[in-house]
Structure formats: structure tokens, C-alpha cells
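Enquirer: Residue numbers (my numbering), protein chains in the order written: chain R, 1 to 390; chain H, 1001 to 1259.
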Amino acid sequence: MSDQPVMGEPTPGGRFGDFGGMFVPETLVPACLELDRAFRDAWADGGFRAELDALLGDYAGRPSPLTRCQRLGDELGGVTLLLKREDLNHTGSHKINNVLGQALLAKRMGKDRLVAETGAGQHGVATATAAALLGQRCTVYMGEVDMARQELNVFRMRLLGAEVKPAASGSRTLKDAVNEAMRDWVATVEDTHYCLGSVMGPHPYPWMVREFHRVLGIEAREQCVALLGDVPDVVVACVGGGSNAAGIFSGFADDRSELVGVEPAGGAAIGGGIPGIVHGMQSFLKQDEFGQVEEAQSISAGLDYPGVGPEHAHLAASGRAIYPSVTDAEVIDAFQLLSRTEGIIPALEPAHALAWVSRERASLVGRSVLVSLSGRGDKDVAQMMEVLGP
Amino acid sequence: MSCPGLEVALRRRREQGGKSLVPYLTGGLGDWTTILLAAADAGADAIEVGIPFSDPVMDGPVIQQANDLALAAGATPPGILDALSGLDAGVPLAVMTYANLVYRFGWERFASRCAAVGVSGAILPDIPLEEVGPWAAAADAAGVATVLLAAPTTPDDRLAAICERGRGFLYAVGLLGITGERDSLAASAKVIAARAKQVTDLPVLVGVGIGTPRQAVEVCEVADGVVVGSAFVRRMVETGSPEAVAELVEEFRSALDAG
């Protein structure tokens, strides 16, 4: 497997090195195989690509800007800090790239209903948005705990015409929302597309979702080269399932840039280093000694996922990327730091990437660092007001 | 007393002109080993023992709840296998669980532990044909039958390949959906059973959505037998009583025997 190109196509069985695959009930295997064929066909079709590009431009607002952060860079002691501004996309995060791609693909496959899981609500809002745009029915599963934490996003999804259903089993967070979405799909696979929100799940999702986010990496590379005359020394992104990281890493996979995926300390699947199989994929997984999946614990609902996309597991195993973790306290500091120095309130998820940069500043002085600012912080302001006080 | 393996027992039932009844019971839930023995005595042809997993994506609310109760009571894969050791049920035993518990245990270790405690089959619904290689090799070597599933969505060529690789019996999923009782038998149940019977000599048992003796009889107009889960597990959860579960086994048994 060592001759696989870095961040290229997986094997026909959906393997990135030892990771990935298609561990789903038989009912869903034909749907995954059909999706693989449909995606290959669409991705090779200039008409599909043009339709998606038009939506990404005219509807989602791409390309997103690259912002140089002079004040924060100075405060960190002299880091050339660049932010890829996915927070400025329609719906407020990078998630829109993937859902527009999948919603168009679903339409092409003749499926008029989308089902999705969501953690913080960003993917759910993005899916509800795409469904509204394309006239598709939409059901979003969200953990009961997350529905309480992110009630504004629940309202947004309903406003957009989606049905939001609580995942009331297990830890009642993102992993349970994935379980419920898969159970829904098992029963409705004939007319429903599962619009999975990250680079996880069974093949072809990890690959397909990364390809839909590749635009992030392509733009960022061009923008960095235009600004710096070179690729950045370090590329940093937060990792729950790992979709924004996969998107931005893909732009620099063949460059000299160091790739850093930052996990929450309470949900460090790669950091924990235990391989496992769940939600259709073989990857690293937070679990007990018997293989029961453990709850992730993070201040960020969007990163509360005990697994990680299989390509990240492979990038870690092969040494192409590293996956350190940061604590909630470091994240809270970084959330305030960016707000105060640059006038940008980040979502708690990319605040993880910023927290790593802040912590490792001594080794980053004099270097160029690109951070994927994957989403904006509006959704987190109420939660942070509780943490910090009014 | 030694008992025949899973496939032998189910084939024998078919050769005798009968229909197989395989109740699913949640391992680690209450007095489950006593319940298992009672179900075997009451006329089950084999017993499927569920090993609870934290994220059972193929299972509906009844089995999910039973899983949670068993896990809260401390059920573990090695604990359940240990409890089966020396249990003289007199009918073949199969385990049903999910890939990660077996992967974590180790494919080979799990297969040999199954064989050592008298488990002759395993059903792992999230390991489809594409991924079954490492497990099936370990199971074959240990003499444990790898039961594969076929679904209403499975196309013909794939169905043939599944039947070719499957051992023990073919688990035909009766409907599009997760485990649980339904008001009536889905039309897809007899269709998948008939399609499977055309391409395999393996016993074809329908599971998922078979909740009453009447539904079992109806699907067995075509199928060689049934796997019944939620109806038994619900009774385990609600009564905890070996007699109550045995009574339901008898109802299914007599209905199937009467045809």
C-alpha cells in the first residue's frame, strides 16, 4: 500500500493504508457501491463539476478569503499567521462545500430525501440549507444533549424546512446521531441519500467528502503562494471526524508543508492510538478494553466524536501528518485571543487549531502558519457567555 | 452431552420436513443463561446469543434497551463467552455481535474462544462480504460458522456470492430496516427467502421483522426457518422470567410444527 499517492484515491475497497473499508450492514452495501459509482461518474463529468462550482461561487460565496493576522502574529512573537476564512461561507462553516456536492449527487441519483447527523448543528444546518435550495426533503438526527447545547441551530434547521429528530440513546451526542441516521438509512435507502458530514463512515464517504472539500486546499494553496511566494511552513486544522482538515491538507499533501491536525484532549481518537471499527470504517477509536465505544468529551459539540476519518489514521500512521491535542482551557483562551486581536470570533472547533498555534508559538516564530478557520463563533457565543460570564 | 453444529442441526430439521426456530436472547441480561436453557428445552433449534455493543446500528429500540441494561449490569464479551462454557443447552449456539468487539478481542482469539465454549456460529452484521476475509479465515480455522446476511437490496449476483461464502445458514433480512416487531409480515420477507432458496442449498432463515408465530408460519411457506429477536428480548426485559420466554418459544414451536 506504500505506493498509494498521498491523499489520492483509496483502493477500490476504500482503503487508505490499513484503514477505511466498508463495514456496514448488507442492506446498505449496494447503496454504498451505487454511491461509489455515481460519485466517480459525476466527478468525471464536467457538467456536474460546473454546476457545483457555480453553486459554490454564487450561492456559498467561494472563494473564501485568506486573511493575514498581523496583530495576532505579533502577539505570538512573530509568527506569519494566515487564516483560511471558511467562517465567511454561507451557513458559516466549511460544511457547505460537502453538502452542496452531496445534495447535487443525490439529485443526480434520483433520491429526493436527505438524512444527516449533526453534532454542533453546522452540518445539519448546511444539509437543511442545501435541501431547501434543491427542493429535497431532509431529516437531521442530533443528540439530545447537543440539541440542548445548540438550540439555535435546531431552530435554524426547522426554519429551513428540515425535520430534526433527537438521538436519545447512548451518550446522546454525535456518535448516537450517526447511529440513528444509519438506522434511518437502512429503512429508507431506496429513496434516501445519507448526507454524511465528515470524512468518515463507509467507503466512498471518506474519499468523496474529502474531494468535495478539496476546493478549500486548492484555494488556500493558490492564495498562500500569491501572498508569500511559497507554500506555508505549517498547515493546521482541527480534527473531529476531520473534514476541514482533509480539505485543507489535500492542497499541500505533496508539498513540504508540515500538516497538523488538532484533536480535543477529551476526544483524541488518533492520540489514543487504539484501532477499531465503527460507523462503517476501520480507524482509530476511543473505546474501552472490550471495544465498547466511549463518549468523547469536549467543549465543542462539533468535535465530540470518538472516532476519526480513516485517511487521518493513515496520515498519522505513515507520518505525513501529526495529531496533537489541546485542552478545553486552551481552546477557551484561543477563542478569546482571536476575537480580541483580530476582530474574528471563531467557532470552538477551529479554536482548537488556534490553541495549538498559541501553545507552540515558541517553535513557530519566524515561520508561516496557515490555519483553517473552519467556522464562525456565533453558534458558540451563548455557551461561552456561560463559561466566561456576561 | 455433545450437540451437532449449527448447520447440521438446521439441515436435519429441514430434512425432517420441519421449520427451524432460532430465538435471539441478549447475553448478560438478567438470568439469561437460565432463560437460554429454558428456551432450548421449549423447542428452539438453535439459540442466538447477542453480545451487547455500545453502538448497535442494525438494532431497533427493544434490543438497544436490552443492550444498555446488560452493559450497565457489567456484561462483557469474555464474560458472556465464559458463561456459555459448560452450559449444556443441547442445541447449537451462535453469537451475534458487532465487528469492533470481535476485532478488539482479536479475530483468531475470538474464534477459538467461541469454539472452546461450544459456540458453533457467529453473526456479525456490520461485516459484509467485502470485509469478511480476516474474520472468516479465523472462524473457518476454528470451526465456527460465519453466518452472512442477505438483504432485500442485495442484487442477484451478490446474493449468490454471499450464499457461496456463508456458513451455518443464510440470514435473510426480511425487510428494509432495523430489528423490531412489525404489525404484519413485510412482502419483502418471502421474496428474499425465495430468491435465496433458488441459489443456495444452505438453510435459509428469515430474521428482522418476524415478531409473531403467525408471521413465522407465513414466511416459512418459503423459508426454512426464522430468527426471532425483539419479541423474545422484550419478554426478557419485561418479565425476566425463564418460564415466560419458554412459553413464547412453545407458541412459535407449535405454530411452526402445525404449519
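In this text, a Cβ means the ideal position worked out from N, Cα and C, and glycines have one as well.
Whose C-alpha, out of R/Leu56, R/Leu82, R/Ala148, is nearest the C-alpha of R/Ala382?
Expert: In the first sequence, counting from the first residue as 1, residue 382 of chain R sits at position 382. The shortest C-alpha separation from R/Ala382 is found at R/Ala148.
Enquirer: I think R/Gly119 touches R/Gly377, with their Cβ atoms under 8 Å apart; what is that distance to the nearest whole Å?
Expert: Working through the first sequence from its first residue, we reach residue 119 of chain R at position 119. Working through the first sequence from its first residue, we reach residue 377 of chain R at position 377. With a Cβ gap of about 16 Å, R/Gly119 and R/Gly377 do not count as contacting.
Enquirer: Since H/Asp1126 meets chain R, which of its residues come closer than 7 Å, beta carbon to beta carbon?
Expert: For this step, residue 1126 of chain H is matched to residue 126 along the second sequence. Going along chain R in sequence order, the residues near H/Asp1126 (Cβ under 7 Å) are Phe23, Val24, Pro25.
Enquirer: For a test of the three-state rule: what should DSSP assign to H/Val1227, helix, strand or coil?
Expert: Within the second sequence, numbered from 1, the residue matching residue 1227 of chain H stands at position 227. In the structure shown, H/Val1227 sits in a strand (DSSP, three-state: E or B).
Enquirer: With a threshold of 8 Å between beta-carbons, can H/Tyr1103 be considered close to chain R, or not?
Expert: The residue labelled residue 1103 of chain H in the question sits at position 103 within the second sequence. Answer yes: the Cβ-Cβ gap between H/Tyr1103 and chain R drops below 8 Å somewhere.
Enquirer: Could you list which residues in chain H have their beta carbon closer than 9 Å to that of R/Ala31, in chain order?
Expert: Numbered from 1 along the first sequence, position 31 holds the residue referred to as residue 31 of chain R. Correct list: Thr1153.
Enquirer: Buried or exposed, going by whether 16 or more other CB atoms sit within 10 Å of the CB of H/Gln1016?
Expert: For the purposes of this step, residue 1016 of chain H is taken as the residue at position 16 of the second sequence. Counting Cβ neighbours within 10 Å, H/Gln1016 comes out exposed, since fewer than 16 surround it.
Enquirer: Check whether the stretch 1163 to 1171 of chain H touches the stretch 1121 to 1130 of chain H, counting contact only when three or more Cβ pairs, one atom from each stretch, lie closer than 8 Å.
Expert: Cβ pair count under 8 Å is three or more, so yes.
Enquirer: Suppose the cutoff is 8 Å on Cβ atoms and the five residues either side in sequence are ignored; what does the same chain contact list for R/Cys224 look like?
Expert: Residue mapping note: residue 224 of chain R aligns to position 224 of the first sequence, counting from 1. The residues are Leu66, Leu82, Asp230, Val231, Pro232, Ser368, Leu370.
Enquirer: So, is R/Gln136 buried or exposed, given that buried needs 16 or more other C-beta atoms within 10 angstroms?
Expert: For the purposes of this step, residue 136 of chain R is taken as the residue at position 136 of the first sequence. With 16 or more Cβ atoms within 10 Å of its Cβ, R/Gln136 is classed as buried.
Enquirer: Considering Cα atoms alone, identify which of H/Thr1153, H/Leu1159, H/Ala1151, H/Ser1120 is closest to H/Ala1141.
Expert: The sequence position of residue 1141 of chain H within the second sequence is 141, counting from 1. The candidate whose alpha carbon is nearest that of H/Ala1141 is H/Ser1120.
Enquirer: With contact counted as at least three CB pairs below 8 Å, one residue from each stretch, are the stretch 338 to 351 of chain R and the stretch 309 to 316 of chain R in contact?
Expert: Because the criterion of three Cβ pairs below 8 Å is not met, the stretch 338 to 351 of chain R and the stretch 309 to 316 of chain R do not touch.
Enquirer: Residues of chain H with a CB under 7 Å from the CB of R/Ser169: which are they?
Expert: Position 169 of the first sequence, counted from the first residue, corresponds to residue 169 of chain R. Near R/Ser169 (Cβ distances below 7 Å), the residues of chain H are Gln1064.
Enquirer: What in chain H is Cβ-close to R/Arg183, meaning under 7 Å?
Expert: In the first sequence, the residue the question calls residue 183 of chain R occupies position 183. Under the 7 Å cutoff, chain H gives Val1057, Ile1178.
Enquirer: Apart from the five residues on each side of it in sequence, which residues of its chain come closer than 8 Å, Cβ to Cβ, to R/Glu75?
Expert: Translated into the one-based positions of the first sequence, residue 75 of chain R becomes position 75. Closer than 8 Å at the Cβ level, and outside the excluded window around R/Glu75, lie Leu337, Thr341.
Enquirer: Quick check: what's the CA-CA separation for H/Ser1054 versus R/Ala316?
Expert: Position 54 of the second sequence holds residue 1054 of chain H. Position 316 of the first sequence holds residue 316 of chain R. Taking the straight line joining both Cα atoms gives about 26 Å.
Enquirer: Compare the C-beta of H/Phe1053 against all C-beta atoms of chain R and say whether one is closer than 8 Å.
Expert: As a position in the second sequence, residue 1053 of chain H is number 53, starting the count at 1. Taking Cβ atoms only, chain R reaches closer than 8 Å to H/Phe1053, which makes this a yes.
Enquirer: List, in chain order, every chain H residue whose beta-carbon is nearer than 9 Å to that of R/Gln287.
Expert: The residue you call residue 287 of chain R lines up with position 287 of the first sequence. Within chain H, the residues near R/Gln287 are Ser1054, Asn1100, Arg1104.
Enquirer: Just to confirm my understanding: we take H/Arg1013, look at its own chain, exclude 5 residues before and 5 after, and list those with CB closer than 6 Å. What are they?
Expert: On the second sequence, residue 1013 of chain H is found 13 positions in, with the first residue counted as 1. Ser1020, Asp1045, listed in sequence order.
Enquirer: According to DSSP, what are the bridge partners of R/Phe284?
Expert: As a working note, residue 284 of chain R is residue 284 in the first sequence. Paired residues: R/Pro275.
Enquirer: Go to H/Ile1123, then tell me how far its beta strand (DSSP E) extends in each direction, as first and last residue.
Expert: Mapped onto the second sequence, residue 1123 of chain H falls at position 123. Segment 1119 to 1123, the beta strand (DSSP E) holding H/Ile1123.
Enquirer: With C-beta atoms as the reference, is R/Pro30 less than 8 Å away from R/His203?
Expert: Residue mapping note: residue 30 of chain R aligns to position 30 of the first sequence, counting from 1. Residue mapping note: residue 203 of chain R aligns to position 203 of the first sequence, counting from 1. The answer is no: Cβ separation not under 8 Å.
Enquirer: What's the gap between the Cα of H/Ala1244 and the Cα of H/Ser1230?
Expert: Position 244 of the second sequence holds residue 1244 of chain H. Position 230 of the second sequence holds residue 1230 of chain H. When rounded, the distance between both Cα atoms is 14 Å.
Enquirer: Fully enclosed by the stretch 1133 to 1167 of chain H, which beta strand (DSSP E) runs are 3 residues long or longer?
Expert: Counting only runs of 3 or more, we get 1145 to 1150.
Enquirer: Over the uninterrupted beta strand (DSSP E) stretch that includes R/Cys138, give me the two end residues.
Expert: Counted from its first residue, the first sequence places residue 138 of chain R at position 138. Looking at the DSSP string, the run of the beta strand (DSSP E) that includes R/Cys138 is 137 to 143.
Enquirer: Along chain H, in chain order, which residues have C-beta atoms closer than 7 Å to that of R/Phe290?
Expert: By one-based count along the first sequence, residue 290 of chain R stands at place 290. Going along chain H in sequence order, the residues near R/Phe290 (Cβ under 7 Å) are Thr1076, Pro1077, Leu1101, Arg1104.
Enquirer: Do three or more CB pairs link the stretch 178 to 197 of chain R to the stretch 1021 to 1033 of chain H at distances below 8 Å?
Expert: At 8 Å Cβ cutoff, the stretches do not touch.
Enquirer: Can you check the stretch 121 to 192 of chain R for any alpha helix (DSSP H) of at least 4 residues that lies completely inside it and give the ranges in chain order?
Expert: Fully enclosed alpha helix (DSSP H) runs of 4 or longer: 122 to 134, 144 to 149, 151 to 159, 174 to 188.
Enquirer: Among all the DSSP beta bridges, which residues are the ones paired with H/Met1096?
Expert: Your numbering for residue 1096 of chain H matches position 96 in the second sequence. According to DSSP, which records beta bridges pairwise, H/Met1096 is partnered with H/Gly1050, H/Ile1123.
Enquirer: Under 8 Å Cβ-Cβ, which residues of chain H neighbour R/Lys175?
Expert: The residue given as residue 175 of chain R occupies position 175 in the first sequence. The contacting residues are Asp1055.
Enquirer: Should the stretch 1175 to 1191 of chain H be regarded as contacting the stretch 1152 to 1164 of chain H, the criterion being three or more beta carbon pairs within less than 8 Å?
Expert: Contact holds: three or more Cβ-Cβ distances are below 8 Å.
Enquirer: In this structure, does DSSP put H/Cys1003 in helix, strand or coil?
Expert: The residue labelled residue 1003 of chain H in the question sits at position 3 within the second sequence. Three-state result, H/Cys1003: coil.
Enquirer: Ends of the beta strand (DSSP E) at R/Ser368?
Expert: On the first sequence, residue 368 of chain R is found 368 positions in, with the first residue counted as 1. Start and end: 368 to 373.
Enquirer: Just grab the DSSP bridge partners of R/Glu258 for me.
Expert: Locating residue 258 of chain R in the first sequence gives position 258, where the first residue counts as 1. DSSP lists R/Val234 as partners of R/Glu258.
Enquirer: Cα separation between H/Ser1112 and H/Phe1105?
Expert: Position 112 of the second sequence, counted from the first residue, corresponds to residue 1112 of chain H. Position 105 of the second sequence, counted from the first residue, corresponds to residue 1105 of chain H. Their Cα atoms are separated by approximately 11 Å.
Enquirer: Scan the stretch 1171 to 1195 of chain H for residues whose Cβ lies nearer than 7 Å to a Cβ of chain R and list them as they occur along the chain.
Expert: Residues passing the 7 Å Cβ filter: Val1173, Leu1176, Gly1177, Ile1178.
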